Ligand code: PMP
């Protein structure tokens, strides 16, 4: 029976990392993978995380199972970060999940089993795994316009037109809460207001993917989109992740938060979310959630986290600026200043697939085929070299 199985296509981005590892050029540079890297090229463990881990080693008394929805302190801390005091706790069912991916899968299965039949609308482009996750949960996937033909800015009119005309009442719409992956193009606060009012008017279910809180402008600033939506509607699902803002990639720590109109509905929804979890992975891993709960339950560690997060955020912004200035200094015709308006780790560079290929083969600079750059993979000390390499393929 297994003889007829064919080889699945490799994951486009992880495949590039394999190719990067095999590349023997010392000057190679990986701008494809989706993790933060510091000036020395490593993805560091935050100091607040190390400190929390020390405390956990000393105090942790069991490795017994967590409950299906995870650690209560963790769930409360995650809820606070996302909603602050905008929504009363009794209207939020928060479930600790294995990463943001786990949160999205739980949310998708919940939608498919409890809210169907419905379709989910994804922006074009979006994180490639969104398609796979939604399809795996049995949700029919449709798209709405996002990026303009210039590949640098949002086509907001097309987005609004699509949201007004394509979905039916009861369909779901996935919105990147901030730091859109792969483009770095986010709605302005005014645009969020308009998106939120269309979502309300059309009676759509908003599914907000919040994987980069704190990587754009700040923890509260980046929550503006989620909160704008929740000022217009009283039902939504928010999937958040501590992979990026806590650097806890491999610990798999995220949250699916379902907001409903009443405490009773929330209780019923929580019981169904737990049913989805039970049949998937039974209960979440403890360690990552315990780290987050320890940090956010301690004023000193929280302060340390805010500083470390700000350091990552400002470094990414500074790399953007250095790249834009560096490209201008090469004298190429193309103006890269649009990168300054984009948020988070990723940006569409505007480079064509051919130029991306050339960068890889001739210079050992690895970008995703779409031209997506992980800005956090750039490096201050090699900025001039990078800009010259990019300039060569543009000429
Ligand atoms: N959503 C988006 C838009 C992402 O970019 C990512 C991570 N690449 C995730 C969700 C999932 O993050 P996690 O690693 O926590 O599963």
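In the UniProt record's numbering, the protein residues as written are 3 to 397.
Here a beta-carbon is modelled for each residue, glycine too, at the ideal position from N, C-alpha and C.
For clarity, every value in this text was computed on a predicted model and none was experimentally measured.
Handout entry: residue 375, DSSP secondary structure in three states
Key = Locating residue 375 in the chain shown gives position 373, counting from the first residue. Here residue 375 sits in strand by DSSP.
Exercise for the section: Inspect the CB distances between the segment 141-150 and the segment 94-106 and report whether three or more fall short of 8 Å. Expected result: No, they do not touch.
Problem - Cβ shell of residue 278 (< 6 Å), same chain only, five flanking positions each side left out - result: Taking the chain shown and counting its residues from 1, the one referred to as residue 278 is at position 276. Here the set comprises 108, 111, 112.
Handout entry: Test item: CB-CB of residue 329 and residue 391 under 8 Å
Key = The sequence position of residue 329 within the chain shown is 327, counting from 1. The sequence position of residue 391 within the chain shown is 389, counting from 1. No, the Cβ-Cβ distance between residue 329 and residue 391 is not below 8 Å.
Practice task
Closer than 6 Å by C-beta to residue 106: which residues in its own chain qualify, once you throw out the five before and the five after it? Chain order, please.
Solution key: As a working note, residue 106 is residue 104 in the chain shown. Annotation for residue 106: 135, 241 place their beta carbon closer than 6 Å to its own, counting only its chain and skipping 5 residues before and after.
Handout entry: Enclosing beta strand (DSSP E) for residue 301 [first to last residue]
Key = What you label residue 301 is simply residue 299 of the chain shown in a count that begins at 1. Looking at the DSSP string, residue 301 is not in any beta strand (DSSP E); the run it does join, the alpha helix (DSSP H), is 301-332.
Exercise for the section: Report buried or exposed for residue 243, applying the criterion of at least 16 other Cβ atoms within 10 angstroms of its Cβ. Expected result: Position 241 of the chain shown, counting from 1, holds the residue named residue 243. Around the beta carbon of residue 243, 16 or more other beta carbons lie within 10 angstroms, which makes this residue buried.
Handout entry: Collapsed DSSP secondary structure at residue 32 in the structure displayed
Key = Residue 32 sits at position 30 when you count from the first residue of the chain shown. Three-state result, residue 32: strand.
Problem - Element boundaries [beta strand (DSSP E), containing residue 256] - result: Numbered from its first residue, the chain shown carries residue 256 at position 254. It spans 256-261 - the beta strand (DSSP E) in which residue 256 sits, taken as one unbroken run.
Problem - Boundaries of the beta strand (DSSP E) in which residue 349 is found, first to last residue - result: Residue 349 sits at position 347 when you count from the first residue of the chain shown. Residues 348-350.
Problem - Residue burial classification, residue 38 (beta-carbon count within 10 angstroms, cutoff 16) - result: Translated into the one-based positions of the chain shown, residue 38 becomes position 36. Residue 38 should be labelled buried.
Exercise for the section: List in chain order: all unbroken alpha helix (DSSP H) runs of 4+ residues lying wholly within the segment 83-123. Expected result: DSSP runs (the alpha helix (DSSP H)) wholly in the segment 83-123: 101-116.
Problem - Residues of its chain near residue 198, where Cβ-Cβ distance is below 6 Å and the 5 sequence neighbours each way are ignored - result: Taking the chain shown and counting its residues from 1, the one referred to as residue 198 is at position 196. Apart from sequence neighbours up to five positions away, the residues of its chain that approach residue 198 with a beta-carbon distance below 6 Å are 230, 231, 234, ordered along the chain.
Practice task
Within its chain, find whatever has a CB closer than 6 Å to the CB of residue 51; leave out the 5 residues flanking it on each side and keep chain order.
Solution key: Counted from its first residue, the chain shown places residue 51 at position 49. So the qualifying residues of the chain are 293.
Handout entry: Option in 61, 239, 114, 167 with minimal Cα separation from residue 141
Key = If you number the chain shown from 1, residue 141 lands on position 139. When 61, 239, 114, 167 are compared, the shortest CA-CA separation from residue 141 is found for 114.
Handout entry: Segments of 4+ residues assigned as alpha helix (DSSP H) that fall wholly inside the segment 138-215
Key = Taking only runs of at least 4 residues, the alpha helix (DSSP H) segments lying wholly in the segment 138-215 are 158-167, 191-203.
Practice task
Answer yes or no: the CB of residue 129 versus the heavy atoms of the ligand PMP, is any distance below 7 Å?
Solution key: Position 127 of the chain shown, counted from the start, is the residue given in the question as residue 129. True, at least one ligand heavy atom lies under 7 Å from that Cβ.
Handout entry: Rounded straight-line distance, which links the Cα of residue 139 to that of residue 118
Key = As a working mapping, residue 118 is identified with position 116 in the chain shown. As a working mapping, residue 139 is identified with position 137 in the chain shown. Cα to Cα, the separation comes out at about 12 Å.
Handout entry: Same chain, Cβ closer than 6 Å to residue 164, neighbours up to 5 away in sequence not counted
Key = As a working mapping, residue 164 is identified with position 162 in the chain shown. Counting only Cβ-Cβ distances below 6 Å, and skipping sequence neighbours, we find 146, 147.
Exercise for the section: Measure the CB-CB distance between residue 123 and residue 159 and report whether it falls below 8 Å. Expected result: What you label residue 123 is simply residue 121 of the chain shown in a count that begins at 1. What you label residue 159 is simply residue 157 of the chain shown in a count that begins at 1. The answer is no: Cβ separation not under 8 Å.
Problem - heavy atom of the ligand PMP below 7 Å from residue 2 C-beta - result: With the chain represented from 3 up to 397, any question about residue 2 goes unanswered, as that position is not in the structure.
Exercise for the section: Could you tell me the distance, in whole angstroms, from the CA atom of residue 333 to the CA atom of residue 386? Expected result: Locating residue 333 in the chain shown gives position 331, counting from the first residue. Locating residue 386 in the chain shown gives position 384, counting from the first residue. When rounded, the distance between both Cα atoms is 13 Å.
Practice task
Enumerate in chain order the residues of its own chain whose CB-to-CB distance from residue 75 is below 7 Å, with the five nearest sequence positions on each side excluded.
Solution key: Counted from its first residue, the chain shown places residue 75 at position 73. Closer than 7 Å at the Cβ level, and outside the excluded window around residue 75, lie 295, 299.
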